[in-house]
Structure formats: structure tokens, C-alpha cells
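Undergrad: Sending over a structure as C-alpha cells; questions will come in a sec.
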Amino acid sequence: MIVPDFVCRIADSNGKTTNATYNSVSELELRQRLEGQGFLVYSIKEKAKNVSFLLPFFSGRRKIKSRDFIIFNQQFVALIGAGLPILKALELLAGREREEQFQIVLRNITEQVKAGSLLSEAFENQGSFSKVYTASVYAGEKSGNLEQVLQRFIQYQKTINTTRSKIKSALTYPLILASLLVILVSYLMTVVVPQFAQFYAGMDTDLPGITQLLIVVSQNIHNQFFTGIIVIGVLLASLSMWVRGNRGRAYFDELKLRFPIVGDIWRKFLFAQVSRTLSTLLSGGIPLVNSLDTIAYSTGNLVVTGALKNAVMSVREGQSLAKSFEETKVVPGLAIEMIEVGESSGNLSEMLGHVADFYDDEVSTRLNQLFTFIEPILLLILAVIVAFVLIALYMPIFSLSSRIIT
């Protein structure tokens, strides 16, 4: 069941008014919850469902920034490590938090812990934190080793963020080149070529075929420019809505894994995240089946999620993790061999960390190699287009000059 989001205008005991977004099964349940936490509720309205035009990678719900979340956990670990009770540490951090949305969430967690909820339950009830985090907190509570479990999670999150930053940095220059290519071609076809077309229209001369072709294409683009933008926008919106559905998303996720060259890189990147997450959960004391079940829904890819679900069933039946992964046909072969060694040596958690490090390095290397080829290809395409346009535009002038000379 999808729990709707509600936009609330509330005031705390000091009279400070804030706007915040909560998820709840109903408006009545949310009102009772907020009033029970001591807030004065002015209004509650269900949030309109947004249609993302960037394909289904972003949801309408406002997320807590990763940087703020890491800082909170570092401070939380420092406070409980210094001997402060969990409730007192939460109260201090909620009062010091500057980001308004996160402050409301922390106060809500504090109130639930006061009411007798487990810390992991209070975090899970917010709907803003990953299952990996709430499972880690739960493992720390049960084992009495919350501080070390959270330290492992902080290191895990920092490593994940570093990997993603490297990938974004590698993508930046090719994206800039591609954008420049689109802008330049659009400018030439909608501004420069039409001016030359008007100039040649006043000349009583036959234009070369290449020039006529360029002018016809330019005129069509110029006349249908806004229509084309609308059509592209509608197509993107339709594609986005289709991909947001289960059938469309499953097809798109499978396509990403099967795409030549890029698909293999994407598959290794996903499994690096799976390995690191599984290593973190196992190190925190969570059993293998529970760990697999937790990460199955946090991969962001339905194909990988389905493979992990099948692996969970196989492990429950007594099969080894390596054999279970091998049957999915999704996990890279080298990873299966390394996991098999980890299981045999009784050091699966550490081996999964090595698998993640290995594939993180390989993904980074493969991306750099790929973009090493992409960048000159984009530059070559750019040069060919510019050369074609210049030759087509100036060929009639060269032809006319040669006639005058003769």
C-alpha cells in the first residue's frame, strides 16, 4: 500500500510555525499523531502527486540531504559514546539542527522514543530513511553495540557517496560536450542557415544540392521548432509515466543491464552497492537471510531485486550464498568465486567488502576508458557538423566567384 504525503502547517510549544511534509494512512491519524507530540495543527492537506519529467529517479517527497544525515550520525555516535542517553542525545541534536524538515523529523523521533518506541522503529516510522539504516540501528539495539554499528554505517555511507561523486565527475565533461553540440546545431539551423537562405534567395543562381538540402532541413526545424519541443516534452512525459509503472520500470531496468558496454558497467556498479550493503549489515550482526531481504528492496533495479528475492529463498532452503547468486544469472562470475571463498573461510562480511572495493575500482576504470573514447567522438561529430554546414553555406559563393573570374 502506498502511504500518501500530507503538507502540514504546525506550531511547536514555543509558538514557532513551520511547514512540513509527513506520510500517513489518513489525515485523522496524522492530526492525532502531531497533537500527541505537542504540536498545534493549523492545517493538513494531502500533497498532490507529481509527475517527474526526469524519468523515475526522483520522487515528489523531499529527502534529507546525505551530508546532513552523515553529520547527524557522526554527532549522535559522539554523544552516545561520551555516555549520554539516547533520548538526551536526540533532544540535543534536534535542537541544534538547522535544516527545518530534518529538525521536524528528529523531534518526531524523539517523541516516539519518549513514548516507548525502539529507536529503529521511530526512524522507520518517518518513511524518510533507508531500510539499510533502520536495520542497522535495530541490530545495534539488539546487540547492545549501537555505537560501533553506526560507525560502520557512516563509513559505508561515505564510501557510497565517494563512488557516486567519482561517477558524476566522470560524466560531467561528456555531458557538457553533448550539451554544447545540441546548442551549436540548434543555433546554426535556426539562426545562421536562415540568414544565408534569405541572402541566396535574392540571387538568381542555382544552389548546389547540398546547400538546398541544408536550407530545407533548416526551414523545417525553424518552422516546427516549438512544435518539436512540445512533441518531445509529451513523449518524455509519456515515457516517464510508463516507466513509473511496474511493467515499464521492469522493462527499463532490464534494458539498462542488457545495453552494450554500459549495461555491464551498470550491473557491476549495482552489485558493488549490494556487496557493500550486505557486508555492512552482516558486520552489524544481522543474519544473512534478513540482510538479503533488507537489501532486496533497496537496489533501485527491479531485475536485481527479483534476483535477490530468489537468492533469499535459496538461502532459506539451505543453499550457499555463492550458489544462490550463481543461479540468478545477474551476479558477475568473479564475485561469485570471491563469495564462495569468503563462505569457506568463514569471513563472508570482509570478503563482500573486498568485492565491493574491486568492482568500485573496475567501474571507475571502465568509465574513464569509455569516456576517453566518447569525448573525441563527440568532438569529431561536432567538427563534422560544423564543416558540413560551412561547406554547404559557402559553396554557392565559391561557385559564383569562379564564374566571375572566368
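Numbered according to our numbering, the sequence shown terminates at residue 484, and the numbering increases by one at each position without gaps. Glycine included, C-beta positions come from ideal geometry on N, C-alpha and C. As the structure is a computational prediction, the values presented were derived from the model and not from experiment.
Just how far apart, CA to CA, sit I475 and D284?
TA: Counted from its first residue, the sequence shown places residue 475 at position 397. Counted from its first residue, the sequence shown places residue 284 at position 206. About 11 Å.
Undergrad: Could you name the residues of the same chain whose beta carbon sits closer than 6 Å to that of F330, not counting the 5 residues immediately before and after it, in chain order?
TA: Indexing the sequence shown from 1 puts residue 330 at position 252. Short of 6 Å from the beta carbon of F330, and not among the five residues preceding or following it, lie these beta carbons of its own chain, in chain order: V321.
Undergrad: Below 8 Å, how does it come out for the segment 447-457 and the segment 248-257: are there three or more Cβ pairs, yes or no?
TA: yes
Undergrad: Buried or exposed for V129, going by 16 or more other Cβ atoms inside 10 Å?
TA: Residue mapping note: residue 129 aligns to position 51 of the sequence shown, counting from 1. Residue placement at V129 cannot be trusted, given a pLDDT of 40 that sits under 50; what the coordinates show is reported in the next sentence. Exposed is the call here.
Undergrad: Give me whichever residues DSSP pairs with E124 in a beta bridge.
TA: Reading the sequence shown from its first residue, position 46 is the one you call residue 124. Partner(s): F84.
Undergrad: From K244 to S442, what distance separates their C-alpha atoms?
TA: Taking the first residue of the sequence shown as position 1, residue 244 is located at position 166. Taking the first residue of the sequence shown as position 1, residue 442 is located at position 364. Computed Cα separation, rounded: 7 Å.
Undergrad: Kindly confirm or deny that the segment 193-203 and the segment 212-222 touch, where touching means at least three C-beta pairs closer than 8 Å.
TA: Judged by Cβ distances under 8 Å, the segment 193-203 makes contact with the segment 212-222, as three or more pairs qualify.
Undergrad: In three-state DSSP terms, what is Y375?
TA: For this step, residue 375 is matched to residue 297 along the sequence shown. Note: Y375 maps to coil in three-state DSSP.
Undergrad: Using a Cβ-Cβ cutoff of less than 6 Å, which residues in the same chain neighbour N151 once the five nearest sequence positions on both sides are dropped?
TA: Along the sequence shown, read from residue 1 onward, the residue named residue 151 stands at position 73. The answer, listed in chain order, is L228 and I232.
Undergrad: Can you grab the Cα-Cα spacing for the pair G420 / L170, in whole Å?
TA: The sequence position of residue 420 within the sequence shown is 342, counting from 1. The sequence position of residue 170 within the sequence shown is 92, counting from 1. Rounded to the nearest whole angstrom, the CA to CA distance from G420 to L170 is 42 Å.
Undergrad: May I ask which residues mark the beginning and end of the alpha helix (DSSP H) holding A256?
TA: Taking the sequence shown and counting its residues from 1, one reaches residue 256 at position 178. Counting along the chain, the alpha helix (DSSP H) containing A256 begins and ends at L224 to Y265.
Undergrad: For the beta strand (DSSP E) that T41 lies in, which residues bound it at each end?
TA: Since the first and last residues shown for the chain are 79 and 484, residue 41 lies out of range.
Undergrad: By the three-class DSSP mapping on this structure, what secondary structure does F136 have?
TA: Numbered from 1 along the sequence shown, position 58 holds the residue referred to as residue 136. In this prediction, F136 has a pLDDT of 38, which is less than 50 and means its spatial position is unreliable; what the coordinates show is noted afterwards. It is coil, neither helix nor strand.
Undergrad: Are the CB atoms of I158 and A172 nearer to each other than 7 Å?
TA: Position 80 of the sequence shown, counted from the start, is the residue given in the question as residue 158. Position 94 of the sequence shown, counted from the start, is the residue given in the question as residue 172. No. Outside cutoff.
Undergrad: Can you tell me whether Y234 is buried or exposed, with buried defined as 16 or more other CB within 10 angstroms of its CB?
TA: For the purposes of this step, residue 234 is taken as residue 156 along the sequence shown, with counting starting at 1. It is buried - the Cβ of Y234 has at least 16 other Cβ atoms within 10 Å.
Undergrad: Would you list the residues sitting across from T443 in a DSSP beta bridge?
TA: Taking the sequence shown and counting its residues from 1, the one referred to as residue 443 is at position 365. T443 is not bridged to any residue.
Undergrad: Can you tell me which of the three DSSP states V191 falls into?
TA: On the sequence shown, position 113 is the one that residue 191 refers to. Note: V191 maps to helix in three-state DSSP.
Undergrad: Once DSSP output is grouped into helix, strand and coil, what is the label at A160?
TA: The residue given as residue 160 occupies position 82 in the sequence shown. Annotated three-state conformation of A160 is coil, per DSSP.
Undergrad: Quick one: what's got a C-beta closer than 7 Å to E178's C-beta in the same chain, skipping five residues either side?
TA: As a first step, residue 178 is located in the sequence shown; it is residue number 100 there, counting from the start. T96, listed in sequence order.
Undergrad: Can you give the beta carbon distance from L292 to A470, rounded, assuming they're within the 8 Å contact cut?
TA: One-based indexing of the sequence shown puts residue 292 at position 214. One-based indexing of the sequence shown puts residue 470 at position 392. That pair is a contact at about 4 Å.
Undergrad: Please report the residue range of the beta strand (DSSP E) in which N101 lies.
TA: The count along the sequence shown starts at 1 and reaches residue 101 at position 23. Residues T95 to N101.
Undergrad: Count the C-beta pairs between the segment 110-123 and the segment 83-92 that are closer than 8 Å, then say yes if the count reaches three, no if not.
TA: A contact is defined here as three or more CB-CB pairs under 8 Å, and the segment 110-123 meets this definition with respect to the segment 83-92.
Undergrad: Using a Cβ-Cβ cutoff of less than 8 Å, which residues in the same chain neighbour V191 once the five nearest sequence positions on both sides are dropped?
TA: Within the sequence shown, residue 191 is the residue found at index 113, counting from 1. So the list reads I164, L165, L168, L197 and A200, once near-sequence residues are dropped.
Undergrad: I need the straight-line Cα distance from F303 to S296, nearest angstrom please.
TA: Taking the sequence shown and counting its residues from 1, one reaches residue 303 at position 225. Taking the sequence shown and counting its residues from 1, one reaches residue 296 at position 218. Near 10 Å, if we compare the C-alpha coordinates of S296 and F303.
Undergrad: Measuring CB to CB, does L430 end up less than 7 Å from S357?
TA: Translated into the one-based positions of the sequence shown, residue 430 becomes position 352. Translated into the one-based positions of the sequence shown, residue 357 becomes position 279. Yes, the pair counts as a contact, with Cβ atoms nearer than the cut-off.
Undergrad: Taking C-alpha atoms, which residue in F347, S402 and N301 lies nearest to L370?
TA: Mapped onto the sequence shown, residue 370 falls at position 292. The residue with the shortest Cα to Cα distance from L370 is S402.
Undergrad: Are V367 and V393 closer than 7 Å when you measure CB to CB?
TA: Within the sequence shown, numbered from 1, the residue matching residue 367 stands at position 289. Within the sequence shown, numbered from 1, the residue matching residue 393 stands at position 315. Yes; because the gap between Cβ atoms is below 7 Å, this pair is in contact.
Undergrad: Find the nearest neighbour of E440 within the set V464, A413, S427 and F466, judged by alpha-carbon distance.
TA: In the sequence shown, counting from the first residue as 1, residue 440 sits at position 362. Per the Cα distances, A413.
Undergrad: Considering only residues of the same chain and omitting the five flanking positions on each side of L45, which have a CB-CB separation below 6 Å?
TA: For the chain, the structure presents residues 79 to 484; residue 45 sits outside this window and is missing.
Undergrad: For S281, does the count of other Cβ atoms within 10 angstroms reach 16, so buried, or fall short, so exposed?
TA: Within the sequence shown, residue 281 is the residue found at index 203, counting from 1. The question names Ser, yet the displayed sequence has Met at residue 281. It is exposed - the Cβ of M281 has fewer than 16 other Cβ atoms within 10 Å.
Undergrad: Under the DSSP definition of a beta bridge, which residues are partnered with V119?
TA: Translated into positions along the sequence shown, residue 119 becomes position 41. DSSP lists I88 as partners of V119.
Undergrad: Mind reading off the beta-carbon distance from A328 to L380? Whole number of angstroms is fine, and I expect it under 8 Å.
TA: Taking the first residue of the sequence shown as 1, we reach residue 328 at position 250. Taking the first residue of the sequence shown as 1, we reach residue 380 at position 302. The Cβ separation is near 5 Å, so the contact holds.
Undergrad: Using the C-alpha atoms, what's the distance from S316 back to D83?
TA: Looking up residue 83 in the sequence shown gives position 5. Looking up residue 316 in the sequence shown gives position 238. Roughly 24 Å separates the two Cα atoms.
Undergrad: So V408 packs on V382, CB below 8 Å; how close in whole Å?
TA: Position 330 of the sequence shown, counted from the start, is the residue given in the question as residue 408. Position 304 of the sequence shown, counted from the start, is the residue given in the question as residue 382. Contact flag correct, Cβ pair sits at about 6 Å.
Undergrad: Put L196 into one of helix, strand or coil per three-state DSSP.
TA: On the sequence shown, residue 196 is found 118 positions in, with the first residue counted as 1. Residue state, collapsed to three classes: coil.
Undergrad: Would you identify the three-state DSSP class for E405, choosing helix, strand or coil?
TA: As a first step, residue 405 must be located in the sequence shown, where it is residue number 327. Helix at E405.
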